[in-house]
Structure formats: structure tokens, C-alpha cells
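If you read the protein sequences in the order shown, they are chains A and B. In case it helps, full-length UniProt numbering puts the first sequence at residues 1 to 336. In case it helps, full-length UniProt numbering puts the second sequence at residues 1 to 336.
Number of protein chains: 2
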Amino acid sequence: MEGQKTTVRSIADLARMAGVSVSTVSRALTGKGTLNQSTRDRIRALADQYDFKLNVAAQNLRLGRTGAIAVLLPLGHERGQHLSDPFFSAMLGYLADMLADRGYDLLLSRVLPSGEDWLENFVRSGRTDGVIVIGQSDQGAVLNRTAAGYRPMVVWGAFDATNAYTSVGTDNAAGGVLAAQHLLSRGRRHLVWFGNPEAPEFAARQAGFLSALPDEVRRNTSIVPIPLTPDPAFEAASAYFAAGNRPDGAFAASDIVAMNVAAAAAEHGISVPRDLSLIGFDDILLARIATPPLTTVRQDIEAGARALVDLLMRRIAGEETQSVQFPPTLVERESA
Amino acid sequence: MEGQKTTVRSIADLARMAGVSVSTVSRALTGKGTLNQSTRDRIRALADQYDFKLNVAAQNLRLGRTGAIAVLLPLGHERGQHLSDPFFSAMLGYLADMLADRGYDLLLSRVLPSGEDWLENFVRSGRTDGVIVIGQSDQGAVLNRTAAGYRPMVVWGAFDATNAYTSVGTDNAAGGVLAAQHLLSRGRRHLVWFGNPEAPEFAARQAGFLSALPDEVRRNTSIVPIPLTPDPAFEAASAYFAAGNRPDGAFAASDIVAMNVAAAAAEHGISVPRDLSLIGFDDILLARIATPPLTTVRQDIEAGARALVDLLMRRIAGEETQSVQFPPTLVERESA
DNA sequence: CTGTTAGCGCGTTCAT
DNA sequence: ATGAACGCGCTAACAG
Chain A
1 MEGQKTTVRS IADLARMAGV SVSTVSRALT GKGTLNQSTR DRIRALADQY
51 DFKLNVAAQN LRLGRTGAIA VLLPLGHERG QHLSDPFFSA MLGYLADMLA
101 DRGYDLLLSR VLPSGEDWLE NFVRSGRTDG VIVIGQSDQG AVLNRTAAGY
151 RPMVVWGAFD ATNAYTSVGT DNAAGGVLAA QHLLSRGRRH LVWFGNPEAP
201 EFAARQAGFL SALPDEVRRN TSIVPIPLTP DPAFEAASAY FAAGNRPDGA
251 FAASDIVAMN VAAAAAEHGI SVPRDLSLIG FDDILLARIA TPPLTTVRQD
301 IEAGARALVD LLMRRIAGEE TQSVQFPPTL VERESA
Chain B
1 MEGQKTTVRS IADLARMAGV SVSTVSRALT GKGTLNQSTR DRIRALADQY
51 DFKLNVAAQN LRLGRTGAIA VLLPLGHERG QHLSDPFFSA MLGYLADMLA
101 DRGYDLLLSR VLPSGEDWLE NFVRSGRTDG VIVIGQSDQG AVLNRTAAGY
151 RPMVVWGAFD ATNAYTSVGT DNAAGGVLAA QHLLSRGRRH LVWFGNPEAP
201 EFAARQAGFL SALPDEVRRN TSIVPIPLTP DPAFEAASAY FAAGNRPDGA
251 FAASDIVAMN VAAAAAEHGI SVPRDLSLIG FDDILLARIA TPPLTTVRQD
301 IEAGARALVD LLMRRIAGEE TQSVQFPPTL VERESA
């Protein structure tokens, strides 16, 4: 029967019990400074025995940091939008793990960009030691302005040499080229691009796609705007087919857009891939179990997350950093 | 030209500039205590002008709280497992919003349950003011033990009167009954249940399903274990059909499982819903754009998230709370 | 209505 | 190798 009536609330308690000073306990538990090995062991054993953990809030206050990294999801308009895309949740999962490995908490914040300085307000509030912004949305100007005065920030999104901030992302244009080449190699000539070109990532995918098309094909290629929100997305795709359009090849801005297109096509008796070759973008987990399994341009989410965290840590440490871009790959399944 | 050379770092700075004491500034900014209205306005204006925000870490240290709520996702085995299910990301999105509304940060933590006291260790570390556990997984015993000594905890999962903790969840058994009735009404008699019965939520769905079947049908109903991880899930479903099994009605433990089943069926030339009526569970956003659109048992995720947060707040305030259970509804689409 | 003061729990000089 | 003392930024008595 271990008598554990005493509850240890602070290093002062522990110091009293161990018959040493608070600073000795601090040194023992943090591992900093020099200390007699046996003293250190003894104090650590005592801490274990009483299940004592250093108070992170006090530690952070003293060290002038917060111990947290914010992951910001700027939502164009509607709530739930981004997180509803499996791509973002996968990214979030990796970030959570990798930040935890570095000893940081992940603060999840979904922000409705309001006005021009929501980001500046956030970073100035000092609630976190750094910020990872997922997706530029239509907030390029805001990001550039904030980056001018705030170092510990990295952004997931399209590369642009003129950006003032460090970004990590897939070479979206190259992905568009892959999609175009594949559709052409399948003999498709009457093409269509589905997506929302207002997001820079999507715009680059579209530009790459168009650039790889022969002139006569490109002239015949239509651009169909698809909103990012679930219901309107399906309706937009459906309306396109309802209007009698019958392309034979389609490139969608994301796998989710592609699945909306596939569902709308099925509704109009159009068979994928027989009547319509369909290519997505992302290679989310679901792409493989979609019906039919989706041919798609793959982004390496894990590598992206790792780069985001690495670069952020280096910026926090005061280093300069370069934006990086990963090459996408084509994953051939059955939809195209 | 506003000269904003001065940078305000603490209420002491602001107090000096305003010619008042720190406590007056504190009262002005927190809104607590009594204060002359004009003094309050003047200080607030000054704070705005210099973009000053109270230091949350210091505030929390002083108040003996952390200002954060942890959302824990116990992962059976594999990393990425839970977050890969859109059901969980939807839940997470709602929780993030609702906790933010209450002034709490959301600390995301994916934990690999190790040993028997990972939860106790976490709550004792004092890193958060409360814990929301998403899914009981196989950790019922751990939850019960922790609940005995830790109040601010709520759990998303199956209701069980013998649990020591407060849970919020869907009436899974009732959902199973809905699925059974629908399959029977479609004239299906050769049934199968797909899922992982080790999770209590899934077990309840299965039990409800079986309970609503006439004896002669139930005798013919098989249970096919489907792992929670993506690739093995598809392989398990595929192996089932490869073995020559040809049921005419199926109830899947979740929409994601259902989509795996649909993909595996398609691979074996089985048409949904012609040859096989398929019902899922959850009604994730993707259910509507699956091919064919998924008939499914709907859980109200938003209501669930709201209840989790409400109950947690009340437990933090010291109130006693009752577990709640939401009735599911059947959403009829095309797969069954 | 406002100011003074004493900590919240910790890390870190500066002594010894 | 260890201890004493100070302060990170804030809130809450307690005075006045």
C-alpha cells in the first residue's frame, strides 16, 4: 500500500519533499544545466512516483513562447468547406503528428477571412509561435502583407516567385500537363476543365492543362466553374450535362470535384470512362474506391506536410527559407 | 503620420501610457469588475490603437486554467486511421467552431493507446481544461477508469447505462433496425453485415440489424469483418466476393465501408443496387455523390458536436450530466 | 472608482 | 553542484 495522499502541484512541492531547492528540481526535470547524476535520478524518480508534470503554461510564460502552432484554414465563404475535403483532413493528420514530434501543439482554427487584416490580427495576438496557412484561397494580398512583418509563417499553396512568403506546394501546372497528355493519349479531343479558377492552385492546374493542348483542341475546350461547396458543386456539374454538353475527356480541379462530375455524368446516362475519360487531382484515399476508381494526379501530402513543418521550424530559428514545389505523378486507374 | 514607434507589450506599458494602474487596465480589457465608463473606453481605444492583446498564457497561468480543450482520437492501431474518415473531419470542424465560440482553443491529439493509462497520463498532465474523446475504440475500460477521477470529459460513442462517463452518440442499434427494415422491404433475404465489430458503435449497429431480422433470414446472414484501415478494408471486401459469395442485401458499418464494398462488388461484376442493395451509415458529404448515391443511416454530426461541447462546459462548471443518444434517420438514395 | 500588492509555476542569472 | 532571488504578464483581494 503506497501512501499517495500527498499531491504534488509544483516544483516547489517536489523540492520540499526532496530536500533540495526549486532550481535543482527545474534542472533535474528539464535536463538543462549541470547537476549531479544521482540527484537528478532521485528527483526524476520522485516526479514519476507522484505523476508530476511541469506546468506547460508557466514554462511557456517564462520562456516567452506559447508552445503552439496554428493551422489556419481560410474559408472562401462557407463554413465547413475546406475541412470537408479529405485532402485537408489528411494534411491535418500529418501536421498534427509532425508538430507533436517537435513538441508543439496544433491549434486548429478555421477563419472566415473578414476585411484585410484578419491574419495580421491573428499573428499579433501572440497566441501561437508560428502559423501554417493551408491554401491561399483568394487571400494572396493578405498573405504578402503579413509576411512582410511576421517571420514564422509558411503557406501551403501555389508557387509564385513574386510572393513575399515561403510556400510549399505541388507543381500544379505540371500536374495539368500530365492530365492533358493522358487525355490526348486516350484519343480524347473534346475536353473540359471543371473547377474554381479563383483559387491560385486551381488556376495553375488549369493553365498547365491548357498549355499542353494542341491549338485546335484547346479551342474546343471549355472551362466549367464548379464551386467549392458540396451541394452547389454537384448542381453545377449536373447543369452542365443537362445543357446537352457531351465532352469525351474531363480534367477536374480535385478528386472531390471529379467525384461530383462522375455522379452528375451518371445521372445523365454518361458512362465513365467509356463515354467520358475523367481525371482528378490529389489522390485522396477515396480515389481508389470511387466507382470507377479514379485516375488522378497525385500530390504527396505527407512530403508536403513534412516540408511545411521543417521550413516553419527553420524560420522560427531565424533562418531564411526557400519555397519548394513537389512534382506530381499520374496515377492511372480506370476513369481515364 | 501617426507616430507608432512605441510598441505595447504588457498591460504595464499601457497603464503607464494611460496614466492609470495595471489593475485598471486589466479591468478595462477583461470587462470584469467596476470601472468608470469613460476610463474603460479610453483604455480600450488606446489598446486598439496599439494593437495590444492580453497575453493569453499569462492570463491562463493566473487563472489556473489552460484555455484549451483536447480532442483525442484513439487510434486502434494504424496512424491516420480515424482522421481519414470524413465523418471524423466533419465532427472536428464543428467542434473547432463551437469551442472557439466558447473561447476555447482546440488541441488536436491523435493518440496510439499504449498500455492502460495513456488517458490518465494525458489528463493529469494538465495541458487542457477538458477532454473530448472521439470514439471508444476498444478503450472502454480505460475510459471508465479515468472518468472515475476526472470530471471534464465527454465521449462520442455508444450509449451504455453502465458506463461511468458521459457519452454522446447516435442510437446505433436503432440505425441497424432501420437498415434491416429497409432491406427487407426491398425483398432482400440473403443478407450480409460488413464491419469491424470490435468497436462498440459498430457492434451496436450490427446487433440492431440482426435483431430486426426474422429468424430464417438471420440464420442466413453472414458477418464479414472489415478492418478500419483503407487498403485492408478494400481487400477484405474483395476477398469476400472473390470467394463466390453473392448476397442480395448488405449493411455496412459506415459509409466508407460501404464505398469499399461497392468498389469490390463492381470489381466482381456485381451491380448495386440491381444485384445487391447496399446501405451505409453516417451520411457523410460524399454519400450523395457516390456511384450510385448511397442509401444510408444518417447521424446528425452537428447536433452531436453541439451536445459534446454543451455537456463538457457543464461538467467543467461542476454540474452533473446525463449521456444523450440521438435517433438516426434513413436517407433513401439509389444504392438500396 | 481606482491603486497597491501578492502571487500563479517556472527558468535563469548570480552567488556560494 | 546547488541555492536565493527575481520576473515573465496577468488577476484578485484588499485598501483607500
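The beta-carbon is built from N, C-alpha and C at its ideal position, and this holds for glycine as well. Owing to the predicted nature of the structure, the values given are computational and were not obtained by experimental measurement.
Subject >> Beta-carbon proximity list for A141 (chain B), same chain, < 8 Å, skipping 5 on both sides >> reply: Annotation for A141 (chain B): E116 place their beta carbon closer than 8 Å to its own, counting only its chain and skipping 5 residues before and after.
Subject >> Uninterrupted alpha helix (DSSP H) stretches inside the stretch 167-241 of chain A (no shorter than 4 residues) >> reply: Whole alpha helix (DSSP H) segments, 4+ residues: 172-185, 200-211 and 215-219.
Original post:
Does D307 (chain B) come within less than 8 Å of chain A when only Cβ atoms are used?
Top reply: Per the sequence presented here, residue 307 (chain B) reads as Ala, with Asp not at that position. No, no contact with chain A.
**OP:** With a 10 Å radius around its C-beta and 16 neighbouring C-beta atoms as the bar for buried, classify R274 (chain A) as buried or exposed.
**Re:** Under this definition R274 (chain A) is an exposed residue.
**OP:** Report yes or no: is there a C-beta of chain B within less than 8 Å of the C-beta of S277 (chain A)?
**Re:** No, because no Cβ of chain B sits closer than 8 Å to the Cβ of S277 (chain A).
**OP:** Tell me, to the nearest whole angstrom, how far the beta carbon of T291 (chain A) is from that of T291 (chain B); I am working on the premise that it is less than 8 Å.
**Re:** Correct: roughly 4 Å between the Cβ atoms.
**OP:** Establish whether the CB of P328 (chain B) and some CB of chain A are separated by less than 8 Å.
**Re:** In terms of beta-carbon proximity, P328 (chain B) stays away from the interface with chain A, with every pair separated by 8 Å or more.
Original post:
Could you check where the beta strand (DSSP E) with G157 (chain B) kicks off and where it finishes?
Top reply: Per DSSP, G157 (chain B) lies in no beta strand (DSSP E) segment and is marked neither H nor E.
**OP:** Determine the direct distance from the alpha carbon of L106 (chain B) to that of V131 (chain A), and round the result to whole angstroms.
**Re:** Annotation: V131 (chain A) to L106 (chain B) spans about 15 Å, alpha carbon to alpha carbon.
Original post:
V56 (chain A) touches chain B at which residues, Cβ-Cβ below 9 Å?
Top reply: Within chain B, the residues whose beta carbon sits less than 9 Å from that of V56 (chain A) are T66, S125, G126 and R127, listed in sequence order.
**OP:** Please compile the residues from chain A whose C-beta is within a distance smaller than 9 Å of the C-beta of K53 (chain B).
**Re:** Close partners of K53 (chain B) in chain A (Cβ separation under 9 Å): N121, R124, S125, G126 and R127.
Subject >> Straight-line gap, G103 (chain B) to G67 (chain B) (C-alpha atoms, nearest Å) >> reply: Going by C-alpha positions, G103 (chain B) is about 7 Å away from G67 (chain B).
Original post:
Quick one: which chain B residues come within Cβ less than 9 Å of residue 338 (chain A)?
Top reply: Limits of chain A in this structure are 1 at one end and 336 at the other, which puts residue 338 (chain A) out of reach.
Original post:
Where do the N-terminal and C-terminal ends of the beta strand (DSSP E) with F122 (chain B) fall, by residue?
Top reply: In the DSSP assignment, F122 (chain B) falls outside any beta strand (DSSP E) and within the unbroken alpha helix (DSSP H) covering W118 to R124.
Subject >> Cutoff 8 Å: L183 (chain A) Cβ touching any chain B Cβ >> reply: Judged by the 8 Å Cβ criterion, L183 (chain A) is not in contact with chain B.
Original post:
I think D283 (chain A) touches D255 (chain A), with their Cβ atoms under 8 Å apart; what is that distance to the nearest whole Å?
Top reply: Beta-carbon to beta-carbon, D283 (chain A) and D255 (chain A) are separated by about 7 Å, close enough to satisfy the 8 Å threshold.
Original post:
Can the beta-carbon of D171 (chain A) be found closer than 8 Å to that of Q325 (chain A)?
Top reply: Q325 (chain A) sits close to D171 (chain A), with the two beta carbons spaced by under 8 Å.
**OP:** Just the chain A side, please: which residues come within less than 7 Å of M17 (chain B) by C-beta, in chain order?
**Re:** Listed along chain A, no residue sits closer than 7 Å to M17 (chain B) by beta-carbon distance, the nearest being about 18 Å off.
Original post:
From A148 (chain A) to A203 (chain B), what does the alpha carbon distance come to, in whole angstroms?
Top reply: Their backbone Cα atoms lie some 54 Å apart in a straight line.
Original post:
Where do the N-terminal and C-terminal ends of the alpha helix (DSSP H) with T24 (chain A) fall, by residue?
Top reply: V22 to T30 is the span of the alpha helix (DSSP H), which, as asked, contains T24 (chain A).
**OP:** Mind reading off the beta-carbon distance from I270 (chain A) to H182 (chain A)? Whole number of angstroms is fine, and I expect it under 8 Å.
**Re:** No, I270 (chain A) and H182 (chain A) are not in contact; Cβ-Cβ is about 19 Å, not under 8 Å.
**OP:** Give the interface partners of F281 (chain A) over in chain B, defined as CB-CB distance under 8 Å, in chain order.
**Re:** Within 8 Å Cβ-Cβ: nothing; F281 (chain A) doesn't reach chain B, min ~16 Å.
Original post:
Can at least three beta-carbon pairs, one atom from the stretch 47-63 of chain B and one from the stretch 10-17 of chain B, be found at a separation below 8 Å?
Top reply: Touching, per the Cβ criterion.
Original post:
Which partner residues does D282 (chain A) have in the DSSP bridge list?
Top reply: As DSSP reads the structure, D282 (chain A) sits in a beta bridge with A:R298.
Original post:
When burial is assigned at 16 or more other CB atoms within 10 Å of the CB, is A239 (chain A) buried or exposed?
Top reply: So A239 (chain A) counts as exposed.
**OP:** Would you give the residue range spanned by the alpha helix (DSSP H) that F251 (chain B) belongs to?
**Re:** Unbroken run through F251 (chain B) is the beta strand (DSSP E), G249 to A252; no alpha helix (DSSP H).
**OP:** Just the C-alpha distance for N121 (chain A) and R127 (chain A), rounded to the nearest angstrom, thanks.
**Re:** Between N121 (chain A) and R127 (chain A), the C-alpha separation is close to 10 Å.
Original post:
Any beta-carbon of chain A closer than 8 Å to the one on N260 (chain B)?
Top reply: It does: the Cβ of N260 (chain B) has a partner Cβ on chain A nearer than 8 Å.
**OP:** Check S277 (chain B) in the structure and name its three-state DSSP category.
**Re:** The answer is strand: DSSP assigns S277 (chain B) an E or B state.
**OP:** Could you check how far apart the C-beta atoms of I289 (chain B) and A263 (chain A) are, in whole angstroms? I think they sit under 8 Å.
**Re:** Sure, about 4 Å apart at Cβ, within 8 Å.
Subject >> Residue(s) in a DSSP beta bridge with G130 (chain B) >> reply: Answer is B:I69.
Original post:
Counting Cβ pairs closer than 8 Å, one from the stretch 86-97 of chain A and one from the stretch 38-48 of chain A, do we hit at least three?
Top reply: No: the two stretches stay apart, fewer than three of their Cβ pairs being nearer than 8 Å.
Original post:
Just how far apart, CA to CA, sit R306 (chain B) and A90 (chain B)?
Top reply: Counting only the Cα atoms, A90 (chain B) lies some 13 Å from R306 (chain B).
**OP:** Would you check if the distance between the CB atom of I43 (chain A) and the CB atom of L312 (chain A) is smaller than 8 Å?
**Re:** In this structure, the beta-carbon distance from I43 (chain A) to L312 (chain A) does not fall below 8 Å.
Original post:
Hey, quick one: how far does the beta strand (DSSP E) through D105 (chain A) stretch, first residue to last?
Top reply: Unbroken beta strand (DSSP E) run through D105 (chain A): D105 to V111.
Subject >> Assigned exposure category for L63 (chain A) - 16 Cβ within 10 Å defines buried >> reply: By the 10 Å Cβ count, L63 (chain A) comes out exposed.
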